[in-house]
Each structure stands twice: as structure tokens, then as C-alpha cells.
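Novice: To convert, note that position 96 of the sequence shown is 106 in my numbering; the numbers rise steadily by one, no gaps.
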Amino acid sequence: MNQDLLVRLFRSIDGDYNDDIVKVAETIIADERKKGHEKLAERLKTILQKNVHTNQSFRGELKNIFGSVSIPTDKRYNIPLALEISREQLRHHMILTDEIESKIKRIEQEYVARERLAQYGLKPRRRILFHGAPGCGKSMSAERIAWNIGLPFLKVRFEAIISSYLGESASNLKKLFEAIVTFPCVLLLDEFDFIAQSRGNKQDVGEMHRVVNILLNVLEDYDGPGLIVATTNLEGSIDKALFRRFDDIIEIPKPGQEEVLRILKGTLSSIKTEKTIDWVKLSSDMVGFSAALVVKIANDAAKNSVIHGNGVVGNEHFVISLAENQLYNKS
Ligand SMILES: Nc1ncnc2c1ncn2[C@@H]1O[C@H](COP(=O)(O)OP(=O)(O)OP(=O)(O)O)[C@@H](O)[C@H]1O
Ligand SMILES: [Mg+2]
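1) What residues sit near ligand 2, counting only those whose C-beta is closer than 6 Å to one of its heavy atoms, in chain order?
2) In terms of DSSP beta bridges, what is His47 paired with?
3) At 4 residues or longer, and completely inside the segment 191-246: list those alpha helix (DSSP H) runs for me, N to C.
4) Give me, in chain order, the residues of the same chain whose beta-carbon lies closer than 6 Å to that of Ile38; leave out the 5 immediate sequence neighbours on both sides.
5) According to the neighbour-count rule (16 or more other Cβ atoms, all chains shown, within 10 Å of its Cβ), is Arg126 buried or exposed?
6) Between Ser179 and Ile171, which are expected to be in contact by the criterion C-beta below 8 Å, what is the C-beta distance as a whole number of angstroms?
7) So, Asn223 versus Asp84, is the Cβ gap smaller than 9 Å?
8) Can you tell me the Cβ-Cβ gap for Ser315 and Gly324, rounded? I've got them flagged as a contact below 8 Å.
9) Taking all protein chains shown into account, decide if Gly142 is buried (16 or more other Cβ within 10 angstroms of its Cβ) or exposed.
10) Using a threshold of 8 Å, is the CB atom of Ala123 nearer than that to any non-hydrogen atom of ligand 1?
11) Using a 10 Å radius around the Cβ and a threshold of 16 neighbouring Cβ atoms, would you call Ile31 buried or exposed?
12) Helix, strand or coil for Val322? Go by DSSP, reduced to three states.
13) Less than 9 Å between the beta carbons of Leu91 and Phe163, yes or no?
14) Kindly examine ligand 1 and report whether one of its heavy atoms sits closer than 8 Å to the Cβ of Arg86.
15) For the 8 Å Cβ check, are there 3 or more pairs between the segment 289-302 and the segment 258-277?
16) According to DSSP, is Lys60 helix, strand or coil?
Now the structure itself:
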């Protein structure tokens, strides 16, 4: 579509972040960005932000069409126990194998169909655990779910939850779950092994025992209108009793050759590439790398081509960025 038309269209948008029109507008912005139309994307984003009634007001008060919540804070420093990540900041363009894609899609579909399911006495999957190697999309999967189902995204701040005051870490966790009991959102417990370490751990202190006990209770009792997503790459160290509290436990694997190829092409979609690049060989050489590393290598090759060449990515730029990034590929 012509740029002026797009701008006029965006000026006429009126709604809030849960409206379909706003989600479509965000997709258009992402598409323009992909096409390399960075300036236009920024302009559209500014217009959209002006027109959309933001659901987030100040001081930790969050609202959406279903209600509002005041995010509790810790007693000592008054830090909110969770942080909202705005919809525009959510990463959601993921490349996954068909198997993992359909597992994540099932969570989204069940959430969308929750009322129909309820008519049959059924409940959607609401407590999800993602585990697997670093940099393969565990945190991103949580963000993508929130993006796709249109819920606010809250990330638990463990640094605020964990307190040196006796018993307060556990009560912080309780307070947070109580606050979201009627508030539809995706609550992310990212790298939750931090608070979910096995109670068998000898160096463990009483406070962390209490936290795991409360975690067991709040997960078990959660019957709220949103989703709880936990991630870890240390599933071996997590207290075994916690596993039973999840409705779905999904391992996010490293990308296979086909996924590596799609990640490379997706990352480089806004820059020219030489016809001589052997994409099949390149992607098969990168099997075993994390998705994050594949993105980094592609971005480094692109930057190299801009700084030392004419902005067209060729084999030589990949040779350099692959060699430079070998160090990161320790697994
Ligand atoms: N499946 C994917 N498709 C596309 N890009 C991905 C994918 N997974 C990861 N990435 C890229 O890697 C980055 C890191 O992903 P993410 O933060 O979700 O990893 P993680 O599994 O949570 O890692 P960690 O265990 O270190 O927290 C993303 O910002 C994105 O650039
Ligand atoms: Mg992560």
C-alpha cells in the first residue's frame, strides 16, 4: 500500500490494545520493518501509540477490558513484584518445528476457546513449563502466546520477590498471585529454577523451602482467567513436586537445519544477499547452534557487509561471523 494511504489509515484508528484493528495495525508495522521500511514503521508506530488508549496507567495500576489490577510491591523497597512488558515490545516472530509450533498453538487455541470448553466442564491449559537449551525461544514463546491471545504480559521480578526478611519471599509470591486472581494476563516466571530449586538441596535455607511450598500451592490453586508460564534450562534442579502442577511441559529444542535456514532468511529479510550463498550448506553447518546464535551470526554478517562492503551479504561475511562466533557455541 502507498505510504500516504497507510499514514491516513493509521490516523483513523481508534481503539485499545485488545482491539483487532490495533493488532492488524501492529502486524502492518512489523511487515514494513521486515521490508526495511524502518522510517515508515517508526512513523506508523508513533501515530498508533497516540491513537490507542493505553491500558496501562501509572503506579503499577493495570487495566484491560476485563478488569484492573494493582501490582503489589515488596515492603522494604516498594518495588513492584512484576513488570508489565508492553505489547509492542513482545517478541513474537518465532520459527519452530511443526511439532513444537502445534503444541504452542494448542495452548493458544484452548485459551481462545475457553468459554466453549467450559460448557463441557473442560478447562484450557493454563500452567505451562518451557524447558530446554539456552537461546532457543523459551522466554520468547511466553511472549508470543501473550501477543497471539492479546493478554497483558507480566514478568515476575524475583529480585523483588526474594527478601531477606523472614517469611516475606513466600508472602510476596502469595500477594502477587492473589492480585492476578481475577485479572487476565500471562504471568511469566522466567528462569524460575531461581526460586524453584529442589527442597532436597543441602545448602538450602528455610526461606527458600517456604518459597517452594508456596509455589506449589499457588500453582495448584491458580484458577484465574489467564496463563502462568514458567521457563528453565535447569529442569533437573527443579523440585520434582512442581512438575505435577503444570498442565503442559514443553521442551523447546535447538533448531534443525530447516529451521536454521528460515531463521537466517528471516533475520536477513531486509538486506540484499549474494546469489552465490549456498544456504543449504550454511544452514547445515549451523545445526547444533541455538536460535539466538543463528540470529547473531546473521546479524553480524549483515553488519560486516554494510561496514566493510556494499551492503550485500556474501559468503565472505558469513565466514568471518561464523569464525568469530564459534566461541559462543560451547554445547
Ligand atoms: N524459535 C526462534 N525463532 C526465532 N528466533 C529465535 C527463536 N528462539 C530464539 N530466538 C532468538 O533468540 C533470542 C533469545 O531467545 P529467548 O530469550 O526466548 O531464549 P531462551 O530460550 O529464553 O534463553 P535463556 O535460557 O538464555 O533464557 C530471541 O530474542 C530471538 O532473537
Ligand atoms: Mg529466557
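Every residue gets a Cβ at the ideal spot worked out from N, C-alpha and C, and that includes glycine.
Specialist: The structure says:
1) Going along the chain, the residues that qualify are Lys148, Ser149, Asp200, Thr241.
2) Per DSSP, His47 has no beta bridge partner at all.
3) Whole alpha helix (DSSP H) segments, 4+ residues: 203-206, 216-231.
4) If we look at Ile38 and ignore the five residues flanking it on each side, it has no Cβ neighbours.
5) The residue is exposed, with fewer than 16 neighbouring Cβ atoms inside 10 Å.
6) Separation of the CB atoms of Ser179 and Ile171 is rounded to 6 Å, and the pair is thereby assigned contact status at 8 Å.
7) Going by C-beta atoms, Asn223 is not nearer than 9 Å to Asp84.
8) About 7 Å separates the Cβ atoms of Ser315 and Gly324, confirming a contact at the 8 Å cut-off.
9) Only buried fits Gly142, as 16 or more other CB atoms lie within 10 angstroms of its CB.
10) Because no heavy atom of ligand 1 lies under 8 Å away, the Cβ of Ala123 does not count as near it: no.
11) So Ile31 ends up on the exposed side.
12) Residue state, collapsed to three classes: strand.
13) It is not a contact, given that the beta carbons lie outside the stated cut-off.
14) Flag unset: Cβ of Arg86 not near ligand 1.
15) Touching, per the Cβ criterion.
16) Note: Lys60 maps to helix in three-state DSSP.
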